[in-house]
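Enquirer:
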Amino acid sequence: MSPLTWAVAAVVTDGSGRLLLCRRSEGARRWGLPGGRLRHDESPPDAAVRAVRAETGWAVELVDLVGLYRVTDPDTSPPPAGRCGGRPDVLVHVFRAAPAGVEPLSEPVAGCLVQWWPAEGLPGALTPTTRAAVADALAGRSGVLRHTTAADPLTPPGDGQPAPPGQRASEQADSSSR
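For the sequence shown, the numbering used here assigns the number 22 to the initial residue and increments by one for each residue that follows.
1. Under a three-way DSSP split, which group does Leu-112 fall into?
2. Can you tell me whether DSSP reads Ala-31 as helix, strand or coil?
3. Hey, Val-87 and Ala-154 are a contact pair by Cβ (cut 8 Å); roughly how many whole angstroms apart?
4. Return helix, strand or coil for Thr-77, following the three-state DSSP convention.
5. CA-CA distance, Leu-59 and Pro-120?
6. Please classify Glu-141: does DSSP put it in a helix, a strand, or coil?
7. Should Leu-126 be labelled buried (16 or more other beta-carbon atoms within 10 Å of its own) or exposed?
8. Based on the DSSP secondary-structure assignment, which residues constitute the bridge partners of Pro-120?
9. Assuming Arg-45 is part of the beta strand (DSSP E), what are its boundary residues?
10. Taking Thr-150 as part of the alpha helix (DSSP H), name the residues at either end of that continuous run.
11. Return the CA-CA distance between Arg-71 and Arg-44, expressed in angstroms with no decimal places.
12. I believe Ala-30 touches Gly-56 by the beta-carbon criterion, under 8 Å. Please report the beta-carbon distance rounded to the nearest angstrom.
13. Shortest alpha-carbon distance to Arg-117 belongs to which of Leu-25, Pro-24, Thr-26, Val-32?
14. Do Leu-42 and Thr-34 have their beta-carbon atoms positioned less than 8 Å apart in this structure?
15. Starting from Val-165, trace the beta strand (DSSP E) both ways and give me its first and last residue.
16. Leaving out five residues on either side along the sequence, give the residues of the same chain with a beta carbon under 8 Å from the beta carbon of Val-84.
Have a look at this one:
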């Protein structure tokens, strides 16, 4: 079993309903929610505010918790016992947030393209967690529990709808195939 990595992200929407997304220059080059890993002794809300500002330059105010999103990679074989390796399991605390001002306070981190997108015109190349969390946030859901994999298609599992609060996406997929 891979070690669990704790991370945070935020669905940041401005007054006109646009969403703040970023795309890193390395990796799969998909658009994703701004965020990052938790630091030692840092709470998820504090980490989200810090990580969004560090990555995008925008100060944000958190509104609430959208949900917890676990990301795994089924195609990565586990490392030998007692060793780290491969892609770890990641548990992402996703918050709903709003900009704390009308302009960013600093430049985005190097290698990160930051852009505001209209909710109805999001780019097709989104990470699975971003697609699911944005759908949940825009639907007004809170307390969502969802499990995605790095190999997931660009649409949520099941019938394409986000899982209801308290229901995992894998349970939704199981019930939709009956």
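Even glycine gets a Cβ: it sits at the ideal position worked out from N, Cα and C.
Source: prediction; values computed, not measured.
Expert: In brief:
1. For this step, residue 112 is matched to residue 91 along the sequence shown. Correct three-state label for Leu-112: strand.
2. Here residue 31 refers to the residue found at position 10 when the sequence shown is read from its first residue. DSSP places Ala-31 in strand when its eight states are reduced to three.
3. Indexing the sequence shown from 1 puts residue 87 at position 66. Indexing the sequence shown from 1 puts residue 154 at position 133. Confirmed, Cβ separation roughly 6 Å.
4. Mapped onto the sequence shown, residue 77 falls at position 56. Thr-77 falls in the helix class under three-state DSSP.
5. Numbered from 1 along the sequence shown, position 38 holds the residue referred to as residue 59. Numbered from 1 along the sequence shown, position 99 holds the residue referred to as residue 120. If I take the Cα positions, the gap works out to 21 Å.
6. On the sequence shown, residue 141 is found 120 positions in, with the first residue counted as 1. Assigned with DSSP and collapsed to three states, Glu-141 falls in helix.
7. Numbered from its first residue, the sequence shown carries residue 126 at position 105. Flag for Leu-126 reads exposed.
8. Along the sequence shown, one-based indexing puts residue 120 at 99. For Pro-120, which the question treats as bridged, DSSP gives the partners Val-81.
9. Sequence index remark: in the sequence shown, residue 45 carries index 24 (1-based). For Arg-45, the enclosing beta strand (DSSP E) starts and ends at 40-45.
10. Position 129 of the sequence shown holds residue 150. From DSSP, the alpha helix (DSSP H) with Thr-150 extends over 149-159.
11. In the sequence shown, the residue the question calls residue 71 occupies position 50. In the sequence shown, the residue the question calls residue 44 occupies position 23. When rounded, the distance between both Cα atoms is 18 Å.
12. Against the sequence shown, residue 30 aligns to sequence position 9. Against the sequence shown, residue 56 aligns to sequence position 35. Rounded, the Cβ-Cβ distance is 3 Å, consistent with contact.
13. Translated into the one-based positions of the sequence shown, residue 117 becomes position 96. Per the Cα distances, Val-32.
14. Taking the first residue of the sequence shown as position 1, residue 34 is located at position 13. Taking the first residue of the sequence shown as position 1, residue 42 is located at position 21. For Thr-34 and Leu-42, no; Cβs fall outside 8 Å.
15. As a position in the sequence shown, residue 165 is number 144, starting the count at 1. Its beta strand (DSSP E) spans residues 165-170.
16. Here residue 84 corresponds to residue number 63 of the sequence shown, with the count starting at 1. Taken in chain order, the residues that qualify are Phe-116, Arg-117, Ala-118, Ala-119.
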